[in-house]
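Enquirer: Structure in structure tokens, see below.
Protein chains: 2
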Amino acid sequence: MTRVRLTDVAARAGVSMKTVSNVVHHHPHVSPAMRARVQEAIDELGYRPNLTARRLATGRTGMIALAMPEIDHPYFSELSRSIAEVAAEMGYRVLIEQTLGEAEAERAVIMDREAGLVDGVIFHPVSMTTVEIGKLRRDLPLVLLGESARPLTTDHVMIDNVQAARDGTELLRRTGRRIAFLGTVSHDVTGSTAQRLHGYQEALELAGVPGDTSLVLETGGFRVEDARAALSAALARGLDIDAVLCRDDRFAIGALQALAEAGLSVPDDVAVLGWDDTHLATISTPTLSSIAPDKRGIARIALELLIERIGGHQGVGRHRIAPHGIEQRQSTAGR
Amino acid sequence: MTRVRLTDVAARAGVSMKTVSNVVHHHPHVSPAMRARVQEAIDELGYRPNLTARRLATGRTGMIALAMPEIDHPYFSELSRSIAEVAAEMGYRVLIEQTLGEAEAERAVIMDREAGLVDGVIFHPVSMTTVEIGKLRRDLPLVLLGESARPLTTDHVMIDNVQAARDGTELLRRTGRRIAFLGTVSHDVTGSTAQRLHGYQEALELAGVPGDTSLVLETGGFRVEDARAALSAALARGLDIDAVLCRDDRFAIGALQALAEAGLSVPDDVAVLGWDDTHLATISTPTLSSIAPDKRGIARIALELLIERIGGHQGVGRHRIAPHGIEQRQSTAGR
DNA sequence: ATGAAAGCGCTAACAG
DNA sequence: CTGTTAGCGCTTTCAT
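In structure tokens, the structure reads:
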């Protein structure tokens, strides 16, 4: 049951390893007769090159690791798919890792756990700080995603969260005056929420609207239920709003639930805008408008940077902004 | 920028490779003094073992491939997570592959594309037939998931779809008489739908209810929208039902939409039961009851079978049934 | 308890 | 255009 090796094929075809190798790699300078003979031996023996051995010999694995907090979260699974597909176009395969946002798992990612297994890593940190990443990282090519940490030494891709939040807020301002922000999570360690809140505030200031802290809703956690509860409670307290900008699509789903329970119609009474443009936005009732990070764009930029690093590019960390848009659906119809 | 190797550490510590290897592997018979000296050299040099080289030497990769139709589909991403987590407990890492259900990609999975890269493969086929899989598969350890194909030579894990459909139908029958099935997709190549429909029919027959083909709703595709449209059209034609058993959670979401549009209340007028128990079921309004395959259980069984095969187990394909349940939420409240 | 040396299967100089 | 050979970095007998 021992596997067929290159030498077995060579012996069978009565040629050297090099010739077999040339055939396997579709090298040009092989006589057709030779090629046919070798191919026959390959087929008869059912030869498959051993990828591990090839990697060791070439020093190139053709694989990159992608480390994300949760592989089954809608945004991350959709982004993973984009990255895997774009990587395939660029000749790489992707090893998907889940950190669950745990510090230890994140540290393992940075500290060359994948030594010699992958050519580089794309990493979306949650709990590691900028300082920590800068300090612990090895010389493994690395590109960071998301907004929580950005060491000066490391490449980084994100969307402009502040601008996106401004765009969203301005959209909602077109027909409404009182725009809520849902939500700031207590003890949120991710920088995303802060940036989004910041953009929301900027847009209001630019519009000459006085800040109103009662419009900023804090949730107890990241679940849909937490968002629903936060908005429900606020509505019960008499909160009066025309629209709500949500931190992500899950929170927006919670908002739709809370508004429905309160007997408010979306979008007629209150408009709702989500964030991430995941598949959730297309299946809710009403369908959900959502700030849409360009996932393919993020994937492409991250891979380009990473592949340059793999190719030997040195220098300080580059900071790239990926495009975003707003996918308009029913929940903001008329805006 | 050349990496630190085992020999570098050995030279630095003034010992042989073997001793360093013993330390790295936490072998028992190493004197504490020696261990300390070697560890110091490892730390100073920042040595990380090259995993590719280790793999080539040991012949074991410690990695398995998981090939699924779509990595961002709720059911598959959740199942992937379970498999990755259980695999980690068992000392394996998972390389996730996406086939998009394409015949060519599926064939590549079977035909040792991963040669020497992984120790085995867990594969959820969609378009490959039983015969084709039996014919094309190499000697790479393989476990199949899902219900579409089951060659006699290959291990296979699934839930009892027929029984699960009976269970679901019986639950719905407790308070309703007219139970619809949504949906059979035109040209559905997966066996799942047929089995589920079969279980539904069996349950009705056992209850002495005459079959009624007007209750079996065919959809034009696998999207939420297809399901919504199918049920809407049926309701518009005057279809009168007490409950609907859905082929999967996405179809159930579509059913909720169609019922809401028709002014029917769930669960009071019509109960809805989904299938797969994905996160979608927890965020819909009302929340969705769903037939729940035990994803951890599937993962555990699949990995146990695969690891036995990796360990050299020979013999005919084993056919294992994983447990299922029904997660009851609002959409069937009162049943 | 530690060292020396022979592979694991493939690639890539370098010859011929 | 084809063959020979020396590694890639690690594990693993077999000695000592």
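Line by line, the protein sequences are chains A and B. Anchor point for the first sequence: position 227 equals 227 in UniProt numbering, and the numbering is continuous, going up by one each time. Anchor point for the second sequence: position 131 equals 131 in UniProt numbering, and the numbering is continuous, going up by one each time. Don't be surprised by glycine CBs; every beta carbon is placed ideally from N, CA and C. In this text, all values refer to a predicted model and were calculated from it rather than measured experimentally.
For the candidate residues B:Asp277, B:Leu306, B:Leu303, B:Leu231, whose alpha-carbon lies nearest to that of Val270 of chain B?
Expert: Checked all of B:Asp277, B:Leu306, B:Leu303, B:Leu231; the closest Cα to Val270 of chain B is B:Leu231.
Enquirer: What do you get for Asp248 of chain B, buried or exposed, if any count of 16 or more other CB atoms within 10 angstroms of its CB means buried?
Expert: Buried, because 16 or more other Cβ atoms sit within 10 Å of the Cβ of Asp248 of chain B.
Enquirer: Check whether the stretch 85-95 of chain A and the stretch 29-44 of chain A touch, using three or more Cβ-Cβ pairs below 8 Å as the test.
Expert: Short answer: they don't touch.
Enquirer: Check whether the Cβ of Asp72 of chain B lies closer than 7 Å to any Cβ atom in chain A.
Expert: Yes, Asp72 of chain B lies at the interface with chain A (some Cβ there is under 7 Å from its Cβ).
Enquirer: Who are the near neighbours of Ser289 of chain A in its chain, counting only those whose CB is closer than 6 Å to its CB and skipping five residues on each side?
Expert: So the list reads Leu273, Gln328, Arg329, Ser331, Thr332, once near-sequence residues are dropped.
Enquirer: Can you find a C-beta in chain A that's less than 7 Å from the C-beta of Ser77 of chain B?
Expert: Yes, Ser77 of chain B lies at the interface with chain A (some Cβ there is under 7 Å from its Cβ).
Enquirer: For the stretch 266-293 of chain B, list the beta strand (DSSP E) runs that are entirely contained and at least 3 residues long, ordered along the chain.
Expert: Here the runs fully enclosed are 271-275, 289-293.
Enquirer: Can you tell me which of the three DSSP states Val9 of chain A falls into?
Expert: If DSSP states are grouped into helix, strand and coil, Val9 of chain A belongs with the helices.
Enquirer: What does Thr154 of chain B touch in chain A if you count any residue whose Cβ is under 7 Å from its own?
Expert: What Thr154 of chain B touches in chain A: nothing, since even the nearest Cβ is about 17 Å away.
Enquirer: From Asp167 of chain A to Ala234 of chain B, what does the alpha carbon distance come to, in whole angstroms?
Expert: Near 41 Å, if we compare the C-alpha coordinates of Ala234 of chain B and Asp167 of chain A.
Enquirer: Is it buried or exposed, Met158 of chain A, if we count other Cβ atoms within 10 angstroms and call 16 or more buried?
Expert: With 16 or more other Cβ atoms within 10 Å, it is buried.
Enquirer: Output the residue ranges of the beta strand (DSSP E) runs that lie fully inside the UniProt domain "HTH lacI-type" (4-58) of chain B and measure 3 residues or longer, sorted by chain position.
Expert: Counting whole runs of 3 or more residues, the UniProt domain "HTH lacI-type" (4-58) of chain B contains no beta strand (DSSP E) stretch at all.
Enquirer: Taking 7 Å as the CB-CB cut-off, is Gln330 of chain B touching chain A?
Expert: Chain A, which has no Cβ nearer than 7 Å to the Cβ of Gln330 of chain B, makes this no.
Enquirer: Taking 7 Å as the CB-CB limit, is Asp160 of chain B close to chain A?
Expert: Cβ-Cβ to chain A under 7 Å: no for Asp160 of chain B.
Enquirer: Tell me whether Glu40 of chain B is buried or exposed, calling it buried when 16 or more other Cβ atoms sit within 10 Å of its Cβ.
Expert: Glu40 of chain B comes out exposed.
Enquirer: Under 7 Å Cβ-Cβ, which residues of chain A neighbour Arg55 of chain B?
Expert: What Arg55 of chain B touches in chain A: Thr52.
Enquirer: Under the DSSP definition of a beta bridge, which residues are partnered with Val121 of chain B?
Expert: Paired residue(s): B:Ala65, B:Leu142.
Enquirer: Pop quiz: Pro125 of chain B and Leu140 of chain B are said to be a contact at Cβ under 8 Å. What is the actual Cβ separation, rounded to whole angstroms?
Expert: With 8 Å as the limit, Pro125 of chain B and Leu140 of chain B do not qualify as a contact, their Cβ atoms being about 15 Å apart.
Enquirer: Do Met63 of chain B and Arg93 of chain B have their beta-carbon atoms positioned less than 7 Å apart in this structure?
Expert: In contact: Arg93 of chain B and Met63 of chain B (Cβ atoms closer than 7 Å).
Enquirer: Taking only three categories from DSSP, how would you classify Thr219 of chain A?
Expert: Three-state result, Thr219 of chain A: strand.
Enquirer: Ordered along the chain, which non-local residues of its own chain (more than five positions away) have a Cβ less than 8 Å from that of Met1 of chain B?
Expert: Because the pLDDT of Met1 of chain B is 46, which lies under 50, any placement of that residue in the model is unreliable, and the number read from its coordinates should be weighed accordingly. None.
Enquirer: Can you give the beta carbon distance from Pro69 of chain B to Leu95 of chain B, rounded, assuming they're within the 8 Å contact cut?
Expert: In fact, because the Cβ distance is near 16 Å, the residues do not count as touching under 8 Å.
Enquirer: Along chain B, which residues have their Cβ under 7 Å away from the Cβ of Leu117 of chain A?
Expert: Those within 7 Å of Leu117 of chain A in chain B are Leu51, Thr52.
Enquirer: Using a C-beta cutoff of 7 Å, does Thr285 of chain A count as contacting chain B?
Expert: With 7 Å as the cut-off, Thr285 of chain A counts as an interface residue toward chain B.
Enquirer: Distance check for Asp294 of chain A and Gly221 of chain A, CA to CA, integer angstroms please.
Expert: Looking at the two C-alpha atoms, the distance is approximately 26 Å.
Enquirer: Use the C-beta contact count for Val121 of chain B: other C-beta atoms within 10 angstroms, 16 or more gives buried, fewer gives exposed.
Expert: Classification for Val121 of chain B: buried.
Enquirer: Below 7 Å between beta carbons: does that hold for Thr184 of chain B and Glu218 of chain B?
Expert: The answer is yes: Cβ separation under 7 Å.
Enquirer: Using a Cβ-Cβ distance under 7 Å, would Arg228 of chain A count as near chain B?
Expert: Chain B, which has no Cβ nearer than 7 Å to the Cβ of Arg228 of chain A, makes this no.
Enquirer: Give a yes or no on whether the minimum CB-CB distance between Leu38 of chain B and chain A is below 7 Å.
Expert: It is Val, not Leu, that sits at residue 38 of chain B in the sequence shown. No, because no Cβ of chain A sits closer than 7 Å to the Cβ of Val38 of chain B.
Enquirer: Does DSSP put Gly191 of chain A in a helix, a strand or coil?
Expert: Of the three classes helix, strand and coil, the one that applies to Gly191 of chain A here is helix, per DSSP.
Enquirer: What does Ile96 of chain A reach in chain B if we use C-beta pairs closer than 9 Å?
Expert: Near Ile96 of chain A (Cβ distances below 9 Å), the residues of chain B are Ile71, Ser80, Ala84, Val94, Leu95, Ile96.
Enquirer: Between the stretch 276-284 of chain A and the stretch 244-259 of chain A, are three or more C-beta pairs nearer than 8 Å?
Expert: Enough Cβ pairs lie closer than 8 Å, so yes.
Enquirer: Taking the C-alpha atoms as reference points, what is the distance between Arg177 of chain A and Gln195 of chain A?
Expert: For Arg177 of chain A and Gln195 of chain A, the distance between alpha carbons rounds to 22 Å.
Enquirer: For the stretch 305-323 of chain B against the stretch 251-269 of chain B, are there 3 or more C-beta pairs whose distance is under 8 Å?
Expert: With a cut-off of 8 Å, the stretch 251-269 of chain B and the stretch 305-323 of chain B do not count as touching, because too few Cβ pairs lie within range.
Enquirer: When the cut-off is 7 Å and only beta carbons count, does Asp112 of chain B lie next to chain A?
Expert: Cβ-Cβ to chain A under 7 Å: yes for Asp112 of chain B.
Enquirer: For Thr99 of chain A, which residues in chain B fall below 8 Å Cβ to Cβ?
Expert: Within 8 Å Cβ-Cβ: nothing; Thr99 of chain A doesn't reach chain B, min ~12 Å.
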